[in-house]
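Numbering (the numbering used here), first residue to last: 996 to 1177.
No residue lacks a Cβ here, since even glycine has one placed at the ideal position from N, Cα and C.
Written below as structure tokens is the structure these notes are about.
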Amino acid sequence: MTTTAQPNELKHPQLFPQLVVGRGNPKARLMLIGEAPGAEEDARGLPFVGRSGQLLSELMFEAGLDEQNELYICNVLKCRPPNNRKPTAKEIDISRPWLKQQIDLIDPALVLLSGATALQAILGVRSGISKLRGQWQNHEGREFMPMFHPSYLLRFRSREAGTPQDLTMQDLREARRRLHLL
Ligand code: URA
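As structure tokens, this is what we get:
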């Protein structure tokens, strides 16, 4: 029997997952950290390019933030968890040193922590995004603001006062205000 030589990544695809590192301006003063790539992100190798990303882009635009130039976007996990399940505490711990290096390299003044996983990874807080959202937290010399994750916002389309989308718009406008003061 003859076998065709194959590169390792074709023989063992599970050992060579797609890496999704980041997108946007690596010199941006504002960074946004999400949870982990989903199916669309995994396919394209870029964070926040699926439905959540589309909503995020709309909200950024409406808040007056120039996504391409003023923002760098990444996730806590650099690979898609199987079936898009929530990252485990162990996966967050394993990812944290890479994420911290990424923050140090980009060196943003302001960081948006989008969702509970980002909040847990950076501030070590396991719950309470509703209480902490919109409030700047100084941590290791940088300002971090927790905000809702866009996949949560997709569940509530209303923009009435006090709804998650309305509160997120307030948070993004605050981030823009602070960014333009730098
Ligand atoms: N959700 C995330 O947290 N990150 C992505 O890149 C896409 C969806």
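Can you tell me whether residue i is buried or exposed? The criterion is at least 16 other CB atoms within 10 Å of its CB, across all chains shown.
i	result
residue 1089	exposed
residue 1011	exposed
residue 1032	buried
residue 1057	exposed
residue 1000	exposed
residue 1100	exposed
residue 1077	exposed
residue 1042	buried
residue 1123	exposed
Can you tell me which of the options puts its alpha carbon nearest to the alpha carbon of residue i?
i	options	result
residue 1166	1106, 1101, 1118, 1099	1106
residue 1040	1060, 1068, 1054	1068
residue 1160	1137, 1169, 1148	1148
residue 1017	1000, 1001, 1036, 1006	1036
residue 1137	1155, 1111, 1156, 1103	1103
residue 1140	1127, 1150, 1083	1127
residue 1151	1050, 1062, 1023	1050
residue 1081	1111, 1091, 1052, 1053	1111
Tell me, which residues are paired with residue i by DSSP?
i	result
residue 1108	1028, 1141
residue 1066	1025
residue 1018	1068
residue 1133	1138
Would you say the beta carbon of residue i is closer than 7 Å to some non-hydrogen atom of the ligand URA?
i	result
residue 1133	no
residue 1146	yes
residue 1090	no
residue 1043	yes
residue 1169	no
residue 1036	yes
residue 1030	yes
residue 1070	yes
residue 1052	no
residue 1110	yes
residue 1048	yes
residue 1033	yes
Checking 8 Å against the spacing of the C-beta atoms, do residue i and residue j come in under that value?
i	j	result
residue 1142	residue 1163	yes
residue 1178	residue 1034	In the structure as shown, the chain begins at 996 and stops at 1177. Residue 1178 is therefore absent and cannot be evaluated.
residue 1121	residue 1115	yes
residue 1094	residue 1020	no
residue 1118	residue 1144	no
residue 1153	residue 1029	no
residue 1176	residue 1025	no
residue 1125	residue 1047	no
residue 1027	residue 1171	no
residue 1015	residue 1070	yes
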